[in-house]
Every structure is written in C-alpha cells, then in structure tokens.
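Sequential numbering of the sequence shown, starting at 0, is according to numbering that gives the first Met the number 0.
Below: one structure, written as structure tokens.
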Amino acid sequence: MMASFFSPPLKSLTPELLIQLKERNEKFLFDIISANCKSKFCQTANELNVFRHAVETLHDDEQGFLQNFRDLVPLTVYDTYQPFVARFFNTPCQESEVIDLFAPGLPFFIAVSSATSGKTPKFFPKYKGTTWSPPVSPVISQSLYTYDIGYKGVLSVLRGYQDIVQKIPIIPASGGLLRVQMGWNPEEDESRMSSKLPGETAPHAVAMVTHHTSFLLLHALFALADHSVETLKVLFCTTLLDMFMYMDRDWPALVGAIEKGIIPEFEHIEHVREHLERHLHANPVRAAELRGIGPPSNTPGWAKRVWPDLKIAFSIGSGTFSSAVPKVKHLLGPDVILQTPGYGSSECVIGVTYPGHLNRFKVLLHDAFIEYLDVTSEEAANKLCAAWEVEPGRHYELVLTTYNGLWRYRLGDVIELVGFAPDDGSPVVRFVERRNTGIKLERALITEVQLVQSICSATPDTIGQVIEFTCFKDARKLPPTVGFFVELAQGLGKYHVTLQGVSLTASFLGTSPYLAKQRLLDALSSANENFRNGYDAGWFGMPTIRVVKPGTFLEYRKWRGQTAAIGTCQVKVPVVMSDTTAQEWIKNRVELEI
Numbered sequence: 000m001m002a003s004f005f006s007p008p009l010k011s012l013t014p015e016l017l018i019q020l021k022e023r024n025e026k027f028l029f030d031i032i033s034a035n036c037k038s039k040f041c042q043t044a045n046e047l048n049v050f051r052h053a054v055e056t057l058h059d060d061e062q063g064f065l066q067n068f069r070d071l072v073p074l075t076v077y078d079t080y081q082p083f084v085a086r087f088f089n090t091p092c093q094e095s096e097v098i099d100l101f102a103p104g105l106p107f108f109i110a111v112s113s114a115t116s117g118k119t120p121k122f123f124p125k126y127k128g129t130t131w132s133p134p135v136s137p138v139i140s141q142s143l144y145t146y147d148i149g150y151k152g153v154l155s156v157l158r159g160y161q162d163i164v165q166k167i168p169i170i171p172a173s174g175g176l177l178r179v180q181m182g183w184n185p186e187e188d189e190s191r192m193s194s195k196l197p198g199e200t201a202p203h204a205v206a207m208v209t210h211h212t213s214f215l216l217l218h219a220l221f222a223l224a225d226h227s228v229e230t231l232k233v234l235f236c237t238t239l240l241d242m243f244m245y246m247d248r249d250w251p252a253l254v255g256a257i258e259k260g261i262i263p264e265f266e267h268i269e270h271v272r273e274h275l276e277r278h279l280h281a282n283p284v285r286a287a288e289l290r291g292i293g294p295p296s297n298t299p300g301w302a303k304r305v306w307p308d309l310k311i312a313f314s315i316g317s318g319t320f321s322s323a324v325p326k327v328k329h330l331l332g333p334d335v336i337l338q339t340p341g342y343g344s345s346e347c348v349i350g351v352t353y354p355g356h357l358n359r360f361k362v363l364l365h366d367a368f369i370e371y372l373d374v375t376s377e378e379a380a381n382k383l384c385a386a387w388e389v390e391p392g393r394h395y396e397l398v399l400t401t402y403n404g405l406w407r408y409r410l411g412d413v414i415e416l417v418g419f420a421p422d423d424g425s426p427v428v429r430f431v432e433r434r435n436t437g438i439k440l441e442r443a444l445i446t447e448v449q450l451v452q453s454i455c456s457a458t459p460d461t462i463g464q465v466i467e468f469t470c471f472k473d474a475r476k477l478p479p480t481v482g483f484f485v486e487l488a489q490g491l492g493k494y495h496v497t498l499q500g501v502s503l504t505a506s507f508l509g510t511s512p513y514l515a516k517q518r519l520l521d522a523l524s525s526a527n528e529n530f531r532n533g534y535d536a537g538w539f540g541m542p543t544i545r546v547v548k549p550g551t552f553l554e555y556r557k558w559r560g561q562t563a564a565i566g567t568c569q570v571k572v573p574v575v576m577s578d579t580t581a582q583e584w585i586k587n588r589v590e591l592e593i
C-alpha cells in the first residue's frame, strides 16, 4: 500500500476501485446520518424539515437514508448554524439547551476560525469523532514544534444554576485537536507548564504564550540552543519566515541568552518565565558556534548550518502561503525537505499530503463526508458530485457533511481534481483558491488565483522576489484598479529613485522595476479577459504596486492576533483585504510606490 501511495494518481477509477470507493463513502455517510439525525439541529432546523419527515419511519434502511439525503438535504452555509451555536454563549449555558445540539453529547471544544477576511470569527463545536492525527514515525526526532494551545475562553455548561457539567475551551481547531489527542485539560495547564515532551526543543509553557513576537522568539531561542534539531514544524510558511526574520533581528540577544542561560525580557511572558528558566542552561560553546555561523539574513542553506541534522520542515506552502516558499527554501537549503503537513480547516480535516508535492492531497474519510460542486454548474444540491463521479482537471467547491453536525456545508474552498489514489481510489486534489473572494471591479471579478499568479509572474525580474502581499481595490484616482501591497526579500540589490523631490534608495532583487506595472498589467490581462477588455475600454486603470517596509506582514500578524484575540499561529494575510481598518494599517506602512 505504501508503494502505491507514492505512485502517480490515476486519471480514472478502475471498476474495482470505483465499487470500493462508493461502498466506503456510502457507509461513512450513513454512519454520520445515523449518529446525528436525533440531534436538536437535525430535529428542528428548517433546512432539514423535508428530510426529517421523509426518514422518520426508515429505521435502519441505509439506502433509503442515503437516497433521501441526496434528494432532500440542501446546501447550507454558516448562517444556518449560527443561531444554534449562539446557545453555547448564553449566560448561563444550560446543559438542556446544548446537549445533543449538533451531535450526541457535549463537544470537547469549540473551534474558532481565524477570521482572515476581517469578519466575525466562526465557531464550530467539536465532538468525540474529532480524533484524527497525522501519521508519525515511531522514531522520536528532535523538533521545533510551534503548536498553540492557548484558548480564547472556557465555557461552563451548567445543570441548574450551580452544578458544572463540563468546561468547554474555545480554541483554534489545531490547538483543540492537539488537546484532545494528548488529553490536556485546561484545569491541568498550570501543573504542566514546566514539562517538556520527548523530542521537543521548547517546554510546554511556550505553548501558553499568546503574544506573537514572544511566542516565536521563545521557540527560536530554545531551538537555536539545541544543535540536534532534525525537524521544523511551523503551521504556515509565512510564520516560519517570520521566525527567521525575528532571529535575524534579535540575533545578538538570542545568542547572548544561550551563552548565559538567561531568558531575555520578552513581552508578556512573566506568567511563564519561571517555567522557561528551568529549561535554558548556559552554553557558551553553542553560543560561540552560532556566532561563527551568523544570523539568517540571506545566507543560502543557513538552517542546515545551524542544525546539521535537519532533514525536513513541515509547513503549509500552498495557496496564499506559496509566496513565502522560495525564501523559506533558500534559507533551508537544498538538502532539507519542505512538506505541507496536510489540508484542513476549522470545519474539518480534509486530506493528507501526497508525497513529493506542497499542494497535492489525498482526501480522507475521517470526520467529513465530502461532495464536490463543479464551479461551472448551478449552485444547487442536485448538482453535487460524489467522490466516484468527479473528473480530473475540473474545479470543484468542497461541500462537507461532518460527524460534528454540518450538513452539506459549503466550505468555500475550490480545488482541482488531480486524480485518484492507486491504493484505494480516494480523490487526490490541489487547492486552487477561496470561492468568490477576489477583487470585484465594475465589469470584472479577478479571482484569488489570478491575483497570486499575476503578482508572482510579474515581479521576480522587475522589482524582485515578493515574499508576501495583499491587495484591494485602488480608487485613489479614476479609473479604479487593483492595488497591490508587496514585501520584498531584502539585501541583494539597490534601486535609486526620486519621489516627490526626495532621493530614496530601495532594496530590490530585480533589475527592471520600471517594467513592473506593465508586466503586472500583462499578467492580469492574460489571466482575466474581462479585466483586459475593461482596461482597453478605459474602465480600469494600470494596476498599482506599493512596497511596504520590511517586516510589515510579520507585524500585521502580531497586530491582527492581538486585536482579534486570534491564536498566535492561526493569523493569515488575506490575498484580498476587505477589512477597511486593516487596509489603513497596511497603507500606513508603505515605503515606496512603483
């Protein structure tokens, strides 16, 4: 089976694999329906009214349940569930109101989304089916592992007005999942602070630091102190790049702390300082070794020099995080593998990484039955395709029915069907973009994937390597256009310009910055016919490019995490920034406009 997992995906299912895939999916769906059909949501939600009455006399008729599900359950969105989720936040939260709400019993935790778009976070109760963990080697390797298990709050579920039945943490999905897997209850956090899991560089206390900068600097400190690190586990490539940038900025302080065995005066760590100090010991030999190597800066293969045993870095490098991949690979060096750990969301685990690809995943049957809505078809339930009905090369939106109580829920992720796994026929997919989250101009919608591809193709040999960017509509003058805000890799070139009579020197990797806007216009026009026609007709202007100060997006994650009380490792920079407060924040950090 392992050999077939490394084989290229099949372009079509064999008759045997089709039968196996269909039987496995239908049994899985029936198990979900059987478990959740008596929930308060299923029994009272208007969206399930017709389905509810159709199956009330079916009992164990599996095919009857499945046929009625296919025919009668509509597509749903988060607004369908929000009034029910709100019951958890009533004061007091009564057991009678929330028991069996979406699935049997009470949830272990409530996952909170990252609210990347700037909207209100979404909340997803997670029940006992939430136990998936990625396959791991039985050999424990020394790892820098930046998991975040801090929680936004803890809900007390009461029976009456005094008896607490259960405490439910509100936490990002990745941290909540780890707590479930490890059996870590919030009540035991204090007693666990000084412990350190085998194979991890940092003590447990670091996971309880919510300040973004301090969280990353502490992980950097303990990892740098350890010569034997073999694995880096940082959720997003952009966050891994943040860590390298903090190492670069604070290199003397970090090396000095390792030499003396003293925790630096980082912000917001007093509640864990005592626990941290027990694990950092003076090591002048390691400090001298690090001084000889120097900070990351732009040194090719720097990480391999610092950690000679380093073999692999697990970090998401697909979708919006792909722009950071070249810089991360540059610092890791050619001998270190960069691998996406998997494909998941706050709603559910979707897939495991297909070997050899940063953006290719084998879809799992774990806590979600997944259907596929062709992006070119009508947005209706009767247009959904099952796993054995999808076609390679086509784009689909993922639609979820989960053990945690979602029914044909539109995830909003668009994937391309690459093929089928040779071992069991499971779909193999590639993430493309978020649906309907592009820039809307009067006569054109420019999608996320078109924006990403355009800026990445237009800049390397003009203004240089873009390590992160965001964009939104630029209406400072007519006609309006697309405005890009980019952060560049630094230190490999200078470009002298005069801006409003002031001579400036900016760092660029490219050699032809004066061509950047035309290249970007050409790329957008090639990707989007409506944009090209609109530009030719005078509806849209030349796209704009504003270069932000080094470290801007690192600081954005810190600012966003603090203002929205979002998990340290969960903050993402959106491709299209719709939040006006965030837009102003970014505009205030512009260093130069091309």
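Note that the Cβ used here is the ideal one computed from N, Cα and C, for glycine as well.
- Taking each of 295, 357, 113 and 296 in turn and checking the Cα distance to residue 321, the smallest one comes out for 357.
- The segment 235 to 242 and the segment 307 to 327 touch, with three or more beta-carbon pairs separated by less than 8 Å.
- Straight through space, the alpha carbons of residue 271 and residue 296 are spaced by roughly 30 Å.
- Boundaries for residue 449: no beta strand (DSSP E) harbours it, while the alpha helix (DSSP H) harbouring it runs 447 to 457, taken from the DSSP string.
- When beta bridges are read from the DSSP output, residue 155 appears opposite 166.
- By the neighbour-count criterion, in which 16 or more other beta carbons inside 10 Å mark a residue as buried, residue 16 falls on the buried side.
- A distance below 7 Å between beta-carbons, with the five flanking residues on each side excluded, links residue 453 to the following residues of its chain, in chain order: 519, 522, 523 and 526.
- By the criterion of at least three beta-carbon pairs nearer than 8 Å, the segment 379 to 392 is not in contact with the segment 84 to 91.
- Per DSSP, residue 71 lies in no beta strand (DSSP E) segment; the continuous alpha helix (DSSP H) that holds it begins and ends at 61 to 71.
- For residue 472 and residue 479, the gap between their C-alpha atoms comes out near 7 Å.
- For residue 556, the closest of 91, 213, 122 and 325 by C-alpha to C-alpha distance is 213.
- Per the C-alpha coordinates, the member of 6, 69 and 19 positioned closest to residue 32 is 69.
- In the three-state DSSP reduction, residue 113 falls in the coil class, being neither helix nor strand.
- The alpha-carbon of residue 206 is positioned some 28 Å away from that of residue 360.
- In this structure, residue 53 lies away from residue 35, with their beta-carbon atoms at least 8 Å apart.
- According to DSSP, residue 142 shares a beta bridge with 199 and 230.
- Here the alpha carbon of residue 417 sits roughly 30 Å from the alpha carbon of residue 62.
- Beta-carbon to beta-carbon, residue 11 and residue 99 are separated by about 42 Å, too far to satisfy the 8 Å threshold.
- For the pair residue 548 and residue 592, the CB atoms are not nearer than the 8 Å cut-off.
- According to the DSSP secondary-structure assignment, residue 545 is paired through a beta bridge with 484 and 592.
- Within its own chain, the residues whose Cβ lies closer than 6 Å to the Cβ of residue 122, once the five positions on either side in sequence are excluded, are 84, 109 and 111, listed in chain order.
- The Cβ neighbour count for residue 181, taken over all protein chains shown within 10 Å, is under 16; the residue is labelled exposed.
- Separation of residue 553 and residue 241 (C-alpha to C-alpha, rounded to the nearest whole angstrom) is 6 Å.
- The three-state reading of DSSP puts residue 571 in coil, since its state is none of H, G, I, E or B.
- Selection 82, 57, 27 and 56 evaluated against residue 43 yields 82 as nearest (Cα-Cα).
- Secondary-structure assignment with DSSP links residue 338 through a beta bridge to 313.
- Three or more beta-carbon pairs separated by less than 8 Å link the segment 250 to 265 to the segment 280 to 296, which places the two stretches in contact.
- Contact annotation: residue 403 and residue 125 have beta-carbon atoms nearer than 8 Å.
- Per DSSP, residue 389 is not a residue of any beta strand (DSSP E), being assigned neither H nor E.
- Distances from the alpha-carbon of residue 414 to those of 191, 407, 215 and 349 put 349 closest.
- A distance below 7 Å between beta-carbons, with the five flanking residues on each side excluded, links residue 144 to the following residues of its chain, in chain order: 199 and 232.
- Beta-bridge pairing by DSSP links residue 93 to 157.
- Residue pairing by DSSP leaves residue 185 without any beta bridge partner.
- For residue 26, no beta strand (DSSP E) run applies; the uninterrupted alpha helix (DSSP H) run containing it begins and ends at 14 to 35, by DSSP.
- Taken in chain order, the complete alpha helix (DSSP H) segments of 4 or more residues contained in the segment 244 to 283 are 250 to 259 and 272 to 276.
- The beta-carbon separation of residue 426 and residue 386, rounded to 5 Å, stays under the 8 Å limit for a contact.
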